[in-house]
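See below for the structure under consideration.
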């Protein structure tokens, strides 16, 4: 509106004086140019402010992501982690199938490898599922952290053993055991802030990082530029493991973007106690008490058994006539004792107690 009034005034001046009209026109152009500069400046300021805001938000988001994804494992010095001995009771493989089942083999996977970034190495120590100690060809030993993957912990003094951690460690040990020749493919940045070598680990032409993801023993994690060569490749493998509910994905909400929630994970299998069935009590049978008349009969039978003479076999020393043994000593020397009355060797003088049995004492 103000501009229109100004133009109207300018037209009026031009009608009166050409010089005044020309001066007013120049002033109008200068004013318009100044306004345009101010508009451009304001627009640039708004643009810069918006950019600064976006950068600040991105920075905060990155810091938050790093805090969430910051390996709690890294809160402990590297040497302490490597030498830590986990609880033997917890550090047991519960799901042997995840370790023993054949891993998915990808045809010609090795063709993806950047040979210009490959280092040959020999495994000298298994630390956990995503960490190895190796010896390079130059003889130097290095601790290697697998790129873009994270397995549950087994070597963290504070967190202890996390579910599926023993399986991941056993799986890596199976394919990259001590003495195994492996290849390390480096990405753009070779080391992390703790000094460990970062690599994609290749075993017999297959990427161990991907094999862990396939088996449901690791999640895609620590995705930081510029080390992102295989991030899409590994995420595709993870989607398949998630769909199949393998390993860490078999328990809802256990594996998350920020790590592993042990409270949601399966509990270590406990050995079942077999119920002990007590042996039936043996009832002691009371002996049957014999009746008085039975007692009397038993006593008589026992007395008769005691007096029953021992039957002697025929002996050449048997006297032909009774009374030829002068004494029991002589009779016993000949093999006779408890000689009943009526027996050829019986003699009344040898039956001193007169009970009809000679030499019975």
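Numbering (mature numbering (1 follows the signal peptide of the UniProt record, and there is no 0)), first residue to last: -20 to -1, 1 to 341. Backbone N, C-alpha and C define an ideal beta-carbon position, used for all residues, glycine too. Keep in mind the model is a prediction, meaning the values are calculated, not measured.
Option nearest residue i by Cα separation, candidates the options
{"i": "residue 101", "options": "129, 324, 311, 161", "result": "161"}
{"i": "residue 72", "options": "191, 141, 7", "result": "141"}
{"i": "residue 185", "options": "80, 164, 195", "result": "164"}
{"i": "residue 66", "options": "305, 309, 158, 138", "result": "138"}
{"i": "residue 190", "options": "76, 323, 218", "result": "218"}
{"i": "residue 310", "options": "155, 197, 93, 330", "result": "330"}
{"i": "residue 236", "options": "206, 320, 202", "result": "202"}
{"i": "residue 213", "options": "11, 129, 177", "result": "129"}
Coarse secondary structure for residue i, derived from DSSP in three states
{"i": "residue 102", "result": "strand"}
{"i": "residue 34", "result": "helix"}
{"i": "residue 108", "result": "strand"}
{"i": "residue 151", "result": "helix"}
{"i": "residue 227", "result": "helix"}
{"i": "residue 121", "result": "strand"}
{"i": "residue 187", "result": "strand"}
{"i": "residue 322", "result": "coil"}
{"i": "residue 87", "result": "coil"}
{"i": "residue 77", "result": "helix"}
{"i": "residue 113", "result": "strand"}
{"i": "residue 140", "result": "strand"}
{"i": "residue 236", "result": "strand"}
{"i": "residue 328", "result": "helix"}
{"i": "residue 214", "result": "helix"}
{"i": "residue 156", "result": "coil"}
{"i": "residue 194", "result": "helix"}
{"i": "residue 65", "result": "coil"}
{"i": "residue 350", "result": "Since the displayed the chain opens at -20 and closes at 341, residue 350 lies outside it and no answer follows."}
{"i": "residue 7", "result": "helix"}
{"i": "residue 71", "result": "coil"}
{"i": "residue 361", "result": "This structure cannot settle anything about residue 361, because the visible part of the chain is limited to -20 through 341."}
According to DSSP, residues forming a beta bridge with residue i
{"i": "residue 161", "result": "102"}
{"i": "residue 129", "result": "200"}
{"i": "residue 179", "result": "126"}
{"i": "residue 337", "result": "320"}
{"i": "residue 171", "result": "177"}
Cβ-based burial, residue i [other Cβ within 10 Å; buried from 16]
{"i": "residue 14", "result": "exposed"}
{"i": "residue 215", "result": "exposed"}
{"i": "residue 226", "result": "buried"}
{"i": "residue 171", "result": "exposed"}
{"i": "residue 35", "result": "exposed"}
{"i": "residue 158", "result": "exposed"}
{"i": "residue 334", "result": "exposed"}
{"i": "residue 195", "result": "buried"}
{"i": "residue 111", "result": "buried"}
{"i": "residue 251", "result": "Its pLDDT being 41, under 50, residue 251 is placed unreliably by the model, and the measurement read from it follows with that caveat. It is exposed - the Cβ of residue 251 has fewer than 16 other Cβ atoms within 10 Å."}
{"i": "residue 322", "result": "exposed"}
Own chain partners of residue i with C-beta closer than 8 Å, once the 5 adjacent residues on each side are dropped
{"i": "residue 108", "result": "131, 133, 134, 135, 145, 148, 149, 152"}
{"i": "residue 244", "result": "231, 232, 233, 234"}
{"i": "residue 85", "result": "186"}
Same chain, Cβ closer than 6 Å to residue i, neighbours up to 5 away in sequence not counted
{"i": "residue 340", "result": "318"}
{"i": "residue 106", "result": "153"}
{"i": "residue 224", "result": "none"}
{"i": "residue 98", "result": "163, 165"}
{"i": "residue 24", "result": "none"}
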